[in-house]
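This note's numbering applies: residue 12 is where the sequence shown begins, and numbers increase by one. Each residue gets a CB set at the ideal place from its N, CA and C atoms; glycine is no exception.
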Amino acid sequence: METKEHITHEAGNDEAWVCICGNMPSDGGFYPCDEKGNEMEPVVGSDWNGLYVCADCGRIIDQKTLEVVGQNPNPKFLD
Ligand SMILES: [Zn+2]
Numbered sequence: 012m013e014t015k016e017h018i019t020h021e022a023g024n025d026e027a028w029v030c031i032c033g034n035m036p037s038d039g040g041f042y043p044c045d046e047k048g049n050e051m052e053p054v055v056g057s058d059w060n061g062l063y064v065c066a067d068c069g070r071i072i073d074q075k076t077l078e079v080v081g082q083n084p085n086p087k088f089l090d
């Protein structure tokens, strides 16, 4: 059975994410993304699924579980 990776967060602050690669919101940060790991606008009516992509390593993170659900080594970012 494959063990899923999870990112962590700073103690006492579940919004201060720390990626497995060491990226934090104050560094490269995390961006809302689609299932492929490309940044998207999480607007009402979009098909955003609560996923974020790490700007440093491209890991795709489910915001509810902090589980790494994929990785896009070359994510596209919006301007
Ligand atoms: Zn990362």
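Other residues of its chain near residue i: CB distance less than 6 angstroms, five sequence neighbours each side excluded
| i | result |
| --- | --- |
| leucine 89 | Glu50 |
| asparagine 34 | Cys65 and Asp67 |
Residues that residue i bridges to, as DSSP identifies them
| i | result |
| --- | --- |
| proline 84 | None; proline 84 has no bridge partner. |
| leucine 89 | Leucine 89 pairs with nothing; no bridge assigned. |
| aspartate 73 | Leu62 |
For residue j and residue i, believed in contact at Cβ under 8 angstroms, the rounded distance
| i | j | result |
| --- | --- | --- |
| glycine 48 | valine 64 | 5 angstroms |
| isoleucine 71 | asparagine 83 | 6 angstroms |
| lysine 103 | valine 55 | Past the edges of the chain, shown from 12 to 90, lies residue 103, and the structure says nothing about it. |
Own chain, CB closer than 7 angstroms to residue i, minus 5 neighbours either side, in chain order
| i | result |
| --- | --- |
| proline 53 | Pro43 and Trp59 |
| lysine 75 | Gly61 |
Of the listed residues the options, nearest to residue i (C-alpha basis)
| i | options | result |
| --- | --- | --- |
| histidine 20 | Cys32, Thr14 and Lys87 | Cys32 |
| glycine 69 | Glu46, Thr14 and Lys75 | Glu46 |
| proline 86 | Leu77, Ser37 and Leu62 | Leu62 |
Own chain, CB closer than 8 angstroms to residue i, minus 5 neighbours either side, in chain order
| i | result |
| --- | --- |
| leucine 77 | His17, Ile18, Thr19, His20 and Trp28 |
| phenylalanine 41 | Trp28, Cys30, Asn34, Tyr63, Val64, Cys65, Ala66 and Ile72 |
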